[in-house]
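Undergrad: Handing you a structure now.
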Amino acid sequence: MLMLLAAIAIVALFICAQSASFTVLAAADDVAAAEVQPIAVEPVDCAPSPVEEPATEEDSEEEAVAEAAAAGQAGVLSRLSEDLSGFNLNNTDPLVVALANFFAGYDGQFVFFGNWGNRRSGSFGRLMGLYGNDKYNTEILKHEHGHYEQYKQLGFWKYVFAIAIPSLTHDPATDYYSQLWEVTADVLGGVTSHRHTIGAEEAGLQYLDLIKNNNVLVSVLCCLIF
Ligand SMILES: [Zn+2]
Numbered sequence: 022m023l024m025l026l027a028a029i030a031i032v033a034l035f036i037c038a039q040s041a042s043f044t045v046l047a048a049a050d051d052v053a054a055a056e057v058q059p060i061a062v063e064p065v066d067c068a069p070s071p072v073e074e075p076a077t078e079e080d081s082e083e084e085a086v087a088e089a090a091a092a093g094q095a096g097v098l099s100r101l102s103e104d105l106s107g108f109n110l111n112n113t114d115p116l117v118v119a120l121a122n123f124f125a126g127y128d129g130q131f132v133f134f135g136n137w138g139n140r141r142s143g144s145f146g147r148l149m150g151l152y153g154n155d156k157y158n159t160e161i162l163k164h165e166h167g168h169y170e171q172y173k174q175l176g177f178w179k180y181v182f183a184i185a186i187p188s189l190t191h192d193p194a195t196d197y198y199s200q201l202w203e204v205t206a207d208v209l210g211g212v213t214s215h216r217h218t219i220g221a222e223e224a225g226l227q228y229l230d231l232i233k234n235n236n237v238l239v240s241v242l243c244c245l246i247f
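The sequence shown begins at 22 in the working numbering and counts up by one.
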C-alpha cells in the first residue's frame, strides 16, 4: 500500500513539474515573440532641430565683460556730453574746471586732463594740460594760466625760447617756482601759496621785460645761457 501511495505521489509531482516548465517556456516564448515584433516607424522630418547649448562659465564671463565695456562707453559719452554742454572758454571759476570730466575752459584757455609720461602739468598758448589730480589744485591751475599771460606778452617764439624750453629742461627739486621763467607765471596767474626766494619775483619781472623788449635772438641767447 505504501509503495502504491509513493508511486502515485511521484507521478503527481512529475506531472506538476512538467506543467510548470511548460508555463515557463510559454512565458519565454511570449517574451521572444514580443522582442521580434517589428516596430512601426513613422517617417519623420530629418532636418536638425536647433539645439541650445548650455551656457558655460566662459560664455558668462565674456558676456559680463562685453556688458561692462558697453556700460563704460555709455558712461564716457555721457560725461563727454556734460563737458560739451557746460563748456565756456571764458569761465573763471576754478571749481568748474575741477568738476569737469575731460576738459573745460578757463579764462581763454582750453584745459584738458590726463595722465602722461612726464607727470607734469603744462601750458602753451591757449592750451593747458593738467596731469592727474592737478585739476583739483587751484594754485596749479593759476600757475599754468600765468604761463598763458606770459605767452600773451611775449608771443610764440619768445615764449618758446625764454619760457617753455627752460621750464622743460630745468626741474630742480627745490625752489622750482623761483626760477626766472616760472616766478612770473605765479605772479601773473595770482598764485599765493608758493614761497619764492627773496628777490626772485623782481628778477623774474626784469627777465620778462628783457625778453619782451628785445629781439627774439635775446630769447634764444637766454635759452642757451640758462
Ligand atoms: Zn610753470
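All C-beta atoms, glycine included, are put in the ideal place defined by N, C-alpha and C.
All values derive from a computational prediction rather than experimental measurement.
1. For ligand 1, I want to know if Ser102 counts as a neighbour, meaning its beta carbon is within less than 7 Å of at least one of the ligand's heavy atoms.
2. Is any non-hydrogen atom of ligand 1 found closer than 7 Å to the C-beta of Ala206, if you look at the structure I gave you?
3. For ligand 1, I want to know if His164 counts as a neighbour, meaning its beta carbon is within less than 7 Å of at least one of the ligand's heavy atoms.
4. May I ask you to report which of helix, strand or coil DSSP gives Ser144?
5. Which residues does DSSP pair with Leu151 in a beta bridge?
6. Does the Cβ of Ile161 have 16 or more other Cβ atoms within 10 Å, making it buried, or fewer, making it exposed?
7. Could you tell me whether the stretch 123 to 141 touches the stretch 161 to 179, using the rule of 3 or more Cβ pairs below 8 Å?
8. Mind checking who Tyr127 pairs with in its DSSP beta bridge?
9. When you compare only the Cα positions, how much space is there between Arg216 and Lys156?
10. Only counting the same chain, and skipping five residues up and downstream in sequence, which positions put a Cβ closer than 7 Å to that of Val117?
11. Using a Cβ-Cβ cut-off of 7 Å (strictly less than) and excluding sequence neighbours within five positions of Gln200, which residues of its own chain qualify?
12. Cβ of Ser188 versus every heavy atom of ligand 1: is any distance shorter than 7 Å?
13. When DSSP labels each residue in this structure, what does His166 get in the three-state scheme?
14. Taking the alpha helix (DSSP H) that Ala87 belongs to, which residues open and close that run?
15. How many angstroms separate the CA atom of Trp178 from the CA atom of Ala85?
16. Alpha carbon to alpha carbon, how far is Cys243 from Ala183?
17. Is Glu222 near ligand 1, with its Cβ less than 7 Å from a heavy atom?
TA: By the coordinates alone:
1. no
2. yes
3. yes
4. strand
5. Phe134
6. buried
7. yes
8. Gln130
9. 21 Å
10. Ala125
11. His191
12. yes
13. helix
14. Glu78 to Ser106
15. 53 Å
16. 6 Å
17. no
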